[in-house]
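237 is the number that the UniProt record's numbering gives to position 237 of the sequence shown; each next residue is one higher, with no gaps. Note that beta-carbon positions come from the ideal geometry of N, C-alpha and C, so glycine has one too. Below is one structure, written out as structure tokens; the observations come after it.
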Amino acid sequence: MWKKIRVIILLLILATVVQNTWMDKADLAWKDNFYVAVYPVNVDNNAKVSDYLRTLTREDFEPVAEYFASEAEPYHLGLRRPIEVQLGAQVTDIPPAPPKDGSILGTIVWSLKFRYFAWRHSPKVNVKPAIRLYLLYYDPVTNPRLSHSTALNKGRIGRVNLFGDSTYSKQNLVILAHELLHTLNATDKYDLATSMPSYPDGFAEPDKTPRYPQDLAELMGGRTPISENKAEIPKSLKQTLIGPKTAREIGWLK
Numbered sequence: 001m002w003k004k005i006r007v008i009i010l011l012l013i014l015a016t017v018v019q020n021t022w023m024d025k026a027d028l029a030w031k032d033n034f035y036v037a038v039y040p041v042n043v044d045n046n047a048k049v050s051d052y053l054r055t056l057t058r059e060d061f062e063p064v065a066e067y068f069a070s071e072a073e074p075y076h077l078g079l080r081r082p083i084e085v086q087l088g089a090q091v092t093d094i095p096p097a098p099p100k101d102g103s104i105l106g107t108i109v110w111s112l113k114f115r116y117f118a119w120r121h122s123p124k125v126n127v128k129p130a131i132r133l134y135l136l137y138y139d140p141v142t143n144p145r146l147s148h149s150t151a152l153n154k155g156r157i158g159r160v161n162l163f164g165d166s167t168y169s170k171q172n173l174v175i176l177a178h179e180l181l182h183t184l185n186a187t188d189k190y191d192l193a194t195s196m197p198s199y200p201d202g203f204a205e206p207d208k209t210p211r212y213p214q215d216l217a218e219l220m221g222g223r224t225p226i227s228e229n230k231a232e233i234p235k236s237l238k239q240t241l242i243g244p245k246t247a248r249e250i251g252w253l254k
């Protein structure tokens, strides 16, 4: 009896995985635009961050939608705005952090916990979102360095670390857009040990002569290469672009 139950459960899990995989591929045909919900989180319950979060409006995230619309134009998707961003209500609970050891089992368990968290913490927005990003805001004075953000393409959810200060609003959108693309199958294009963009796919202008300094950053490359061993974080989305490999990964380029 229990053996039959286990088999049924495994078959249901397999069917769910197959269905989700099929839906992911169908979505990346870009027949419809993606609605994204962003949920602010005041991680440390900081008073300054709380004041900042009260000022946020949907218009603060409009540059992200405009950026993807502009970057998509050369690929003739047939969508005027492939990405729409909606600002959801603040979430008071903190999504689970990925395991520090990076073990396969730990990552799987964390992924399941995160997806359960997202299921429990998805305040309603005008249009049901295909992508949910939890924006974890920190006070730059008490937390001057942000840890790495993380996003999953399975479940299309992200845990995005940002500064809760208007000074960093444009730079925050670069991080947000980077993690958003992870939910759409885009991969990092930089050396994880050094944070230096990988050549050629992590370069905005790989054919430029001389190669350095680059003028822009490839969004998934993360930084603008200045020399062989120096790169700078872009200050806004205007200092980035989406390269051909990233475009192929997210279904813009066949």
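Put residue i into one of helix, strand or coil per three-state DSSP.
| i | result |
| --- | --- |
| K154 | coil |
| Y137 | strand |
| A177 | helix |
| Q171 | helix |
| T240 | strand |
| E71 | helix |
Bridge partners of residue i, per DSSP?
| i | result |
| --- | --- |
| S227 | K230 |
| P197 | Y190 |
| N161 | L136 |
| L87 | V38 |
| I131 | V36 |
With a 10 Å radius around its C-beta and 16 neighbouring C-beta atoms as the bar for buried, classify residue i as buried or exposed.
| i | result |
| --- | --- |
| P234 | buried |
| Y39 | buried |
| I226 | exposed |
| V109 | exposed |
| G106 | exposed |
| L133 | buried |
| G78 | exposed |
| W119 | exposed |
| E84 | buried |
Sufficient close CB pairs (3 or more, under 8 Å) joining the region 170-179 to the region 234-242: yes
At least 3 beta-carbon pairs within less than 8 Å: the region 143-159 vs the region 213-229: no
Entirely enclosed beta strand (DSSP E) segments - the region 100-124, minimum 3 residues: none
Contact the region 159-173 vs the region 193-206: 3+ CB pairs below 8 Å: Output reads no: the region 193-206 does not touch the region 159-173.
Three or more C-beta pairs below 8 Å linking the region 129-143 and the region 30-47: yes
Touch test, the region 97-111 against the region 119-129, Cβ-Cβ under 8 Å, three pairs minimum: no
Three-pair Cβ contact test at 8 Å for the region 88-99 versus the region 62-74: no
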